[in-house]
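Right, one structure below, let's go through it.
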Amino acid sequence: MSINEQSYAYGASKSSIREIAAYGAARKAQIGAEGVFDFSLGNPSIPSPDAVRESIERSLRLPPAQLHGYTPAPGLPFVRERLAASLCRRHGEGAATAGDLYLTCGAAASLSISLHAVVNPGDEVIVIAPYFPEYRVWVEAAGAACVEAMADPETFQIDAEAVRDAITPRTKAVVINSPNNPVGSVYSAQNLAALADVLREREGALGTAIYLVADEPYREISYGVEVPWVPAAYDRTLVCYSYSKSLSLPGERIGWVLVPPTNPDHDRLVPAVAGAGRSLGFVCAPALFQRVVADCCDVPADVEAYARNREALTRGLSELGYRYIEPQGAFYLWVKALEPDANAFFERAKALELLPVPSDSFGCTGWVRVGYCVSYETIVNSMPAWRKLAESYR
Ligand code: PLP
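So the sequence shown is numbered by the working numbering: it starts at -16 and just counts up by one.
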């Protein structure tokens, strides 16, 4: 039987994050939910703001044909206008117009569309390791090779020199993600400027165009640090956004791609984004949730609850002697494994009902990711198990 082997391979092998989450669910059914400390998934535990429910209730009063009908492929015009106005208020006049936005089923679709819009077969796309594992799938499905450039091993900011070393004449794009999953770092303005300098210098030397794809589902979730606007640092940027985390709506699948007006290839990229959406079948994002994000795009994310979890987790783990990267954003803690093999460390954790994700699936050895978008009680109640795990190495 001749089928697409690449698609078969992606479907037949689960992501390790999902495998651990499935194990966690089965284990909870066996021994009770309170006995299992599942830190695997990035599924927000905080309810959506009330404004989301109010917006849905208002929309439900619309005539059904209007409420449930097809929208234009890139989204409803009034929705794109409101989102563009919000971006201009936050990032300055001229940050976006309605025509620069393409609404999507979340950041996953935004990334796939952006990559399909710029990549040709045989191109290379650089990702900053450690990275969200699906990047490799989306890059390869767009026909490019996925090339890893390690982040700075101390700060986990972008190592601009490592990116320089990874660039070849075939490099078409660099994907960055700040606030970062899995590390929790937020790239500073200086760090982005250093990356932008390298990209411009290499573009000039090689006579190529290199796009920066900024994946920003965690933009609203930061802890007292500024999250710089990437198009201000580098013109040839596309921004991918999602409301999965900021409004706790991951199951509703809503986000957007922005081709900023300052992008020098803007006039060809806007149709290329629309064309990528068309060819992938990613048109006309969920109509009800287009209306919801138009109503709620300026509602602040409930960062307080994550900040409280972050504080409890970092305080608890540092008292037990664990080393970790101080998270500046998102809701993940990057913890140094207590032995070089993160998978072996994970197995010991698992035997104590602790379920972090080993770093190997993020393209890096020796760490685990602890997702703290769980309940506060899960974090507090997990501490005896973290203690036992540390003691088992003494
Ligand atoms: N990019 C990163 C870094 C993520 O962590 C996630 C989801 O966890 C996504 C993209 C996909 O987000 P969405 O649910 O909006 O498709």
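Built from N, CA and C at the ideal position, the CB exists for glycine as well.
Check	Outcome
What's the C-alpha gap between Tyr111 and Ala(-8)?	The amino acid at residue 111 is misidentified as Tyr; the sequence shows Ile. Straight-line Cα distance between these residues: approximately 24 Å.
Rounded to whole angstroms, what is the Cα-Cα separation between Cys223 and Pro244?	15 Å
Quick check on the DSSP output: the alpha helix (DSSP H) that includes Tyr361 runs from which residue to which?	According to the sequence as given, residue 361 is Thr; it is not Tyr. First-last of the alpha helix (DSSP H) with Thr361: Tyr359 to Glu374.
In whole angstroms, give me the CA-to-CA distance for Phe314 and Asn(-13).	36 Å
Apart from the five residues on each side of it in sequence, which residues of its chain come closer than 7 Å, Cβ to Cβ, to Ser42?	Leu50, Leu271 and Arg274
Hey, which unbroken runs of the beta strand (DSSP E) at 3 residues or more fall wholly within the segment 83 to 121?	84 to 87 and 107 to 112
Return yes when the Cβ of Thr154 is within less than 8 Å of the Cβ of Ile204, no when it is not.	no
Is there at least one non-hydrogen atom of ligand 1 closer than 7 Å to the beta-carbon of Asp198?	yes
Within 10 Å of its beta-carbon, does Gln13 have 16 or more other beta-carbons around it, so buried, or fewer, so exposed?	exposed
How would you label Gly75, buried or exposed, when you count the other beta carbons within 10 angstroms and need 16 or more for buried?	exposed
Could you name the residues of the same chain whose beta carbon sits closer than 7 Å to that of Ile141, not counting the 5 residues immediately before and after it, in chain order?	Ile111, Ala134, Ile159, Tyr170, Asn174 and Leu178
Is it the case that the CB of Ala383 approaches a heavy atom of ligand 1 more closely than 7 Å?	The structure shown has nothing for residue 383, since the chain only spans -16 to 377.
Output the distance between the C-alpha atoms of Tyr53 and Pro269, rounded to the nearest integer angstrom.	9 Å
Between Ala188 and Val101, which are expected to be in contact by the criterion C-beta below 8 Å, what is the C-beta distance as a whole number of angstroms?	Rounded, the Cβ-Cβ distance is 20 Å, inconsistent with contact.
CB of Ala259 to nearest heavy atom of ligand 1: below 7 Å?	no
What are the boundary residues of the alpha helix (DSSP H) that includes Val286?	Val286 to Glu302
Should Val353 and Ser342 be called a contact, given that it needs their Cβ atoms to be closer than 8 Å?	no
With Leu337 and Phe20 assumed to form a contact (beta carbons below 8 Å), what rounded beta-carbon distance in angstroms separates them?	5 Å
So the beta strand (DSSP E) Asp198 belongs to, where does it begin and stop?	Tyr194 to Asp198
So, Ser38 versus Asp218, is the Cβ gap smaller than 8 Å?	no
Under 8 Å by Cβ, that's how I've got Ala197 and Asp248 pegged, so tell me the actual separation to the nearest angstrom.	Actually they do not touch by this definition, with Cβ atoms about 16 Å apart.
Nearest by alpha-carbon distance to Asn164: which of Ala368, Cys356 and Ser375 is it?	Cys356
Starting from the Cα of Tyr118, find the closest Cα among Asn326, Tyr359 and Ser(-2) and give me that residue.	Ser(-2)
Skipping 5 residues on each side, what residues in its chain have a beta carbon closer than 8 Å to that of Ala79?	Leu66, Ala67, Leu70, Cys71, Leu241, Pro243 and Pro244
Flag Ser227 as yes when its Cβ comes closer than 7 Å to any non-hydrogen atom of ligand 1, and as no otherwise.	yes
What residues are listed by DSSP as bridge partners for Val181?	Partner(s): none; Val181 has no beta bridge.
Can you tell which of Pro27, Arg331 and Pro60 has the C-alpha that lies nearest to the C-alpha of Gly234?	Pro27
Using the Cβ count rule (16 or more neighbours within 10 Å means buried), how would you classify Ser301?	exposed
Please classify Pro57: does DSSP put it in a helix, a strand, or coil?	coil
From the DSSP secondary-structure annotation, give me the bridge partner or partners of Pro341.	Val351
Could you name the residues that DSSP lists as bridge partners for Ile308?	Trp317
Using the Cα positions of Ala378 and Ala132, report the straight-line distance between them to the nearest angstrom.	The question about residue 378 has no answer here: the residues shown for the chain are numbered -16 through 377.
Using three-state DSSP, classify Glu330 as helix, strand or coil.	helix
Find the nearest neighbour of Asn292 within the set Ser358, Phe328 and Gln311, judged by alpha-carbon distance.	Ser358
Is any heavy atom in ligand 1 found nearer than 7 Å to the beta carbon of Asn(-13)?	no
As a quick exercise: from Ile29, Ile0 and Gly82, pick the residue whose alpha carbon is nearest that of Val256.	Gly82
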